[in-house]
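Peer 1: Take a look at this one; I'll ask things after.
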Amino acid sequence: INFTDDNYEINITDDTFTVLKANVTAIIEISDTVYGTNITCNVFASIDGDYTVIINNKTVIVNVNNGIGSFNIGILNAGTYNAFISFNKTNYNPVENKTTFKVTKAESNIKIVVNDSEITYGDSINVTQNLPDDATGSITYYFANGTIIKVITVDDSFILAGLNAGTYTIYANYSGDTNYAPAQDNITITVAKASNEITVYAPDAAHDENALIIIIADVDGEYNLNINGKKVTVKITNGIGIYDAGILNVGKYNILVNHPGNKNINPSNASTSLNIVKADTEVNVTVPEARQGENVTINVELPNDATGNVKTTINGKTYSSQVKDGKATITIPNLVKGEYNLDIIYSGDKNYNPTETKVNVTVKEGSDIISAPDVTKYYSSLERFTVKLTDYLGNPLANKTVTITINNIIYTRTTDANGIASIALGLNSGTYNVTTTANNQSVDSVVTILPTIYGKDIVKVFRNATQYYATFLDSNGKTLAEGSAVTFNINGVMYTRYVDNEGKAKLNINLQQGKYIITAINPVTGERHANNITVLSLITGNSDLVKYYRNDSQYVVTILGNDGNPAGAGETVTFNINGVFYTRQTNASGQVKLNINLNAGDYIITTEYKGCMVANNIKVLPILSAEDIKMKYRDGTKFVATLVDGQGKAYAYQTVQFNINGILYNRITDSAGQAKLNINLMAGEYIITSSFNGCNVANKITISS
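For what it's worth, my numbering labels the leading residue of the sequence shown as 7, then goes sequentially.
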């Protein structure tokens, strides 16, 4: 400081001062917003200049002028953000500040889009959706009842097909994503019933042709067909169905086809008519060889359902016959030898046209006539087979050779003065065909020999009440007198029994189970009659048994009662196996069981019930096996025992005990069921015993030095 004045003494003083950094106020302001909105950042500061702003890891320099600055952040994803502002310049104290703002998820406003909301059954709908272009995530489509239709991404669409007729509300749930909130939309779809176009064809047919009805329809399934009131069902497959109405009578038929519809198809029908015209008649005429003195027989065959009549005229006289079951026979008597050309005329009927057929008939010179009537007689009776030979006028022919073939045996006889020849019939009971030949003519006859013993095959349960009965007759068919002795032969033994007042004799059957032939002998007629006797065992279901040592397999049989049905519970049955007897009781099903706990080996088991016995083989297989070994002292050879379970499969992780040289060793079987023991004994011979669950097997081990 300088001061000048004449009146004052000059004094010079100096001083120091400090200029402090100015304080700065800086505020950053960003408003909360919704995704998709451009965000503006405003900076308010007490000092103009450049401020550093950091938002979402992005640094921006904002120039503040006149206390305010701003910049456009743009669009940020939904979330919560921190905005930082700082100012660090010379002459100013550093300043930092921050603010927080939120970007909330935007509404997605999903909209279901379909190509058609009203369709017909069988059609499909293309389903998609409108969402913001940048939306991600998935949409779940479902019906009102919660059934999910499809889950797709926002860019996908799908085809909705197979809907039954009706009205449906389809819901879409948008899952939302980072920037868009979940949303829902729905739309109503109407599926109308489909129409079903039916076309029916019925080509005209003749009566002898099968009438076909052809149905063409849009919808497969069962259709109702009405033919003049006759109702049937026709199945349509791949749009077509053909019904074969068969042979119809002549006339016009109304054809009506309908489909009742269903929940998806509207009812529909169609109609047409079918014309059946008369058929041309196929006629088959046959004329057996005819001889003078015999009737000429003309056989006419027509369709089976033909009616009406057939006729022919010969020598000015008309002969006719009614048609029955498609056949008619015209008989013309007393034609002399010669050739005849006849017209066979069919009258026609409602279904067949009239027709005329020509036929040639040849009548030859008359032939001899063989009369050989059928014979029915009882065994050993005196009736004979008798033949009479005459000419076509009925005159007997004597001294003519006649051959009679019966039971594959040919008999030759000569007719007597009355034209008669005969043979005795010493045949067993039965029916025989007979051919008689004379003068190149043959006739067939039947001879029936009735039995004088009647008995039936029987099937009975061992010693039940069923017995064998036979009825004995004499050669005239009358029962033998009460008390008459008869004989039965069964199983090589002869039995004499006596008939009752009905000619019946009984033989009790007390044989063991099996099949037998019984022969009943009639002492009066000498006839022998055989029947089969089957005796069923009281013990059934028995069979040989092969089992592994002490597995669950049992020997099981079923006991029958006298009626052949299972005996029920509480019946006592005895088993004998390996010299030991066991008694067991049947269960409610008639079954009885015996546990088999024997050592490995072959056994015979005998089952006995009320005197009935059966035997079976029992084979018990070992579960433990091993082989003798020969080895050198400490050559590393191991003794191996193999163990299987009750089904013969390798039994792993089980303890097998070995006893050798008085010392016991326990070893565990591996996955192959093998238990192994190292052999470190001195040279010599040893017996090793392997044991498991009571099963023991012994082997020899030979060790050389």
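All residues carry an ideal CB built from backbone N, CA and C; glycine is no exception. Being a predicted model, the structure only gives us computed values, none of them experimental.
Tell whether a beta-carbon distance below 7 angstroms holds between Thr324 and Val206.
Peer 2: Against a cut-off of 7 angstroms, the Cβ pair of Val206 and Thr324 comes out as no contact.
Peer 1: On the criterion of 16 or more Cβ atoms from any shown chain inside 10 Å, does Asp480 qualify as buried, or is it exposed?
Peer 2: Label assigned to Asp480: buried.
Peer 1: Assuming Gly547 and Val562 form a contact by the criterion Cβ under 8 angstroms, report the distance between their Cβ atoms to the nearest whole angstrom.
Peer 2: At roughly 7 angstroms, the Cβ-Cβ gap stays under 8 angstroms, so Gly547 and Val562 are in contact.
Peer 1: So within the segment 366–447, which uninterrupted beta strand (DSSP E) runs reach at least 3 residues, ignoring any that extend past its ends?
Peer 2: Listed in chain order, they are 375–377, 381–384, 390–396, 407–412, 415–420, 426–430, 436–444.
Peer 1: Taking 7 angstroms as the cut-off, decide whether the C-beta atoms of Asn514 and Gln473 are in contact.
Peer 2: It is a contact, given that the beta carbons lie within the stated cut-off.
Peer 1: For the beta strand (DSSP E) holding Asn275, just list the boundary residues, first then last.
Peer 2: Asn275 -> beta strand (DSSP E) spans 274–283.
Peer 1: At which residues does the beta strand (DSSP E) containing Ser92 begin and terminate?
Peer 2: Counting along the chain, the beta strand (DSSP E) containing Ser92 begins and ends at 85–93.
Peer 1: With a threshold of 6 angstroms on Cβ separation, who are the neighbours of Lys370 within its own chain once the five nearest residues in sequence on each side are excluded?
Peer 2: Excluding positions up to five away in sequence, the list reads Arg297.
Peer 1: Round the Cβ separation of Val133 and Phe164 to the nearest angstrom and send it over; I've been treating them as touching at under 8 angstroms.
Peer 2: At roughly 6 angstroms, the Cβ-Cβ gap stays under 8 angstroms, so Val133 and Phe164 are in contact.
Peer 1: For Gln190, which of helix, strand or coil comes out of DSSP?
Peer 2: Reduced to three states, the DSSP call for Gln190 is strand.
Peer 1: Name, in chain order, the residues that DSSP records as bridge partners for Ile669.
Peer 2: BP columns for Ile669 point to Ile666.
Peer 1: Just list the alpha helix (DSSP H) runs in the segment 235–278, keeping only unbroken ones of 4 residues or longer that don't cross its boundaries, in chain order.
Peer 2: Complete alpha helix (DSSP H) runs here, min 4: none at all.
Peer 1: Classify Ala212 as helix, strand or coil using the three-state DSSP reduction.
Peer 2: Strand.
Peer 1: Applying the criterion that 16 or more other CB atoms from any shown protein chain within 10 Å of the CB defines a buried residue, is Gln135 buried or exposed?
Peer 2: Result: buried.
Peer 1: When you compare the CB positions of Lys356 and Asn272, do they come within less than 7 angstroms of one another, or not?
Peer 2: It is not a contact, given that the beta carbons lie outside the stated cut-off.
Peer 1: Note down the Cα distance separating Thr43 from Asn202, rounded to an integer number of angstroms.
Peer 2: Straight-line Cα distance between these residues: approximately 56 angstroms.
Peer 1: Could you have a look at Gln1 and say whether DSSP puts it in helix, strand or coil?
Peer 2: The requested residue 1 does not occur in the structure, where the chain is confined to residues 7 to 711.
Peer 1: What is the rounded straight-line gap between the Cα of Ile412 and the Cα of Ser435?
Peer 2: In a straight line, the C-alpha of Ile412 is about 14 angstroms away from that of Ser435.
Peer 1: Please report the straight-line C-alpha distance between Val25 and Lys95, rounded to a whole angstrom.
Peer 2: Cα to Cα, the separation comes out at about 15 angstroms.
Peer 1: Name the one or two DSSP bridge partners that Leu166 has.
Peer 2: DSSP output for Leu166 lists Ile131 as bridge partner(s).
Peer 1: Could you round the C-beta distance between Ala171 and Lys269 to whole angstroms and report it? I think they count as a contact, below 8 angstroms.
Peer 2: Yes, they are in contact, since the Cβ atoms of Ala171 and Lys269 sit about 6 angstroms apart, within 8 angstroms.
Peer 1: Is Ile36 helix, strand or coil when you go by DSSP?
Peer 2: Coil, per DSSP.
Peer 1: Contact defined as beta carbons within less than 8 angstroms: I believe Val306 pairs with Lys333. What is the distance between those atoms, to the nearest angstrom?
Peer 2: About 7 angstroms; that satisfies the 8 angstroms criterion.
Peer 1: Are the segment 551–561 and the segment 634–642 touching, with three or more C-beta to C-beta distances below 8 angstroms?
Peer 2: No, because fewer than three Cβ pairs between the segment 551–561 and the segment 634–642 fall closer than 8 angstroms, the two stretches do not touch.
Peer 1: Where Lys655 and Met688 are concerned, what is the direct C-alpha to C-alpha distance, given to the nearest angstrom?
Peer 2: Taking the straight line from one Cα to the other gives about 35 angstroms.
Peer 1: Determine the extent of the beta strand (DSSP E) in which Asn538 is found, giving its start and end residues.
Peer 2: Counting along the chain, the beta strand (DSSP E) containing Asn538 begins and ends at 534–542.
Peer 1: What is the DSSP secondary structure of Arg503, reduced to helix, strand or coil?
Peer 2: In this structure, Arg503 counts as strand in the three-state DSSP scheme.
Peer 1: Could you tell me whether the segment 414–427 touches the segment 446–466, where touching means 3 or more Cβ pairs closer than 8 angstroms?
Peer 2: Taking 8 angstroms as the limit for Cβ pairs, the verdict is that the segment 446–466 does not touch the segment 414–427.
Peer 1: Spell out a yes or no on whether the segment 423–433 and the segment 387–404 are touching, meaning 3 or more CB-CB pairs, one atom from each, closer than 8 angstroms.
Peer 2: Taking 8 angstroms as the limit for Cβ pairs, the verdict is that the segment 387–404 does touch the segment 423–433.
Peer 1: Which first and last residues belong to the beta strand (DSSP E) in which Glu345 is found?
Peer 2: Element bounds for Glu345: 344–352.
Peer 1: Quick check: Asn497 and Thr525, are their CB atoms within less than 7 angstroms of each other?
Peer 2: Not a contact, by the Cβ cut-off of 7 angstroms.
Peer 1: Would you mind sorting Ile33 into buried or exposed? The rule is 16 or more other CB atoms within 10 Å of its CB.
Peer 2: The residue is exposed, with fewer than 16 neighbouring Cβ atoms inside 10 Å.
Peer 1: Grouping DSSP H, G and I as helix and E and B as strand, with all else coil, what is Met688?
Peer 2: It is coil, neither helix nor strand.
Peer 1: Given this structure, state the Cα-to-Cα distance separating Ile60 from Ile67, to the nearest angstrom.
Peer 2: The straight-line gap from Cα to Cα measures roughly 9 angstroms.
Peer 1: Ordered along the chain, which non-local residues of its own chain (more than five positions away) have a Cβ less than 8 angstroms from that of Ala187?
Peer 2: Answer for Ala187: Lys111, Ala112, Glu113, Ser114, listed in chain order.
Peer 1: With burial defined as no fewer than 16 other Cβ atoms inside 10 Å of the residue's Cβ, what is the status of Ser543: buried or exposed?
Peer 2: By the neighbour-count rule (16 or more Cβ atoms within 10 Å), Ser543 is buried.
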